[in-house]
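For reference, the structure is listed below as structure tokens.
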Amino acid sequence: MGQSHHFHLDQGDHSITVNVGPGRAGEVELLVDGKVVAYQKEHSAGMNVLTGELPEEPVHPFRVLLRQPHLVPSMPRCTLELDGVEQPMPERLVL
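And the structure:
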């Protein structure tokens, strides 16, 4: 059984977090300011995409790209795509 992964990035006045459940097919949660805005029961190898919005006036849509390697068992990578710019989301240790 694999471990869970947690990615986090502060964007302006907002907090964006991605929680990836244990194993290669665990659930994925996307949170904005601590509230779940997108959820996948399981993720697959390759690219998984979640979408959300920053609660501004007007709302500000974004995507999170979660890459789970196909062939080599390694850590997933998470990237925030906002206004056409991709920014890596660092993994954070959660005890």
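In terms of our numbering, the sequence shown is residues 293 to 387.
Just so it is clear, CB atoms sit at the ideal spot from N, CA and C, and this is done for glycine as well.
Check                                                                                                                                                                    : Outcome
What's the gap between the Cα of residue 336 and the Cα of residue 368?                                                                                                  : 11 Å
Enumerated in chain order, which unbroken segments of the beta strand (DSSP E) with a length of 3 residues or greater are wholly contained in the stretch 311 to 357?    : 320 to 324, 327 to 332, 338 to 346
What is the DSSP secondary structure of residue 302, counted as helix, strand or coil?                                                                                   : strand
In chain order, what residues of the same chain have a beta carbon less than 6 Å from the beta carbon of residue 346, not counting five sequence neighbours either side? : 306, 352
Could you compute how far the alpha carbon of residue 388 sits from the alpha carbon of residue 349?                                                                     : What the structure shows of the chain is the stretch from 293 to 387, and residue 388 is not part of that stretch, so it cannot be assessed.
Can you give me the Cβ contacts of residue 309 inside the same chain, cut-off strictly under 6 Å, excluding the 5 residues immediately before and after it?              : 300, 323
So the beta strand (DSSP E) residue 379 belongs to, where does it begin and stop?                                                                                        : 377 to 380
What would DSSP say about residue 369, mapped onto helix, strand or coil?                                                                                                : strand
Let me know the secondary structure DSSP gives residue 359 once reduced to three states.                                                                                 : strand
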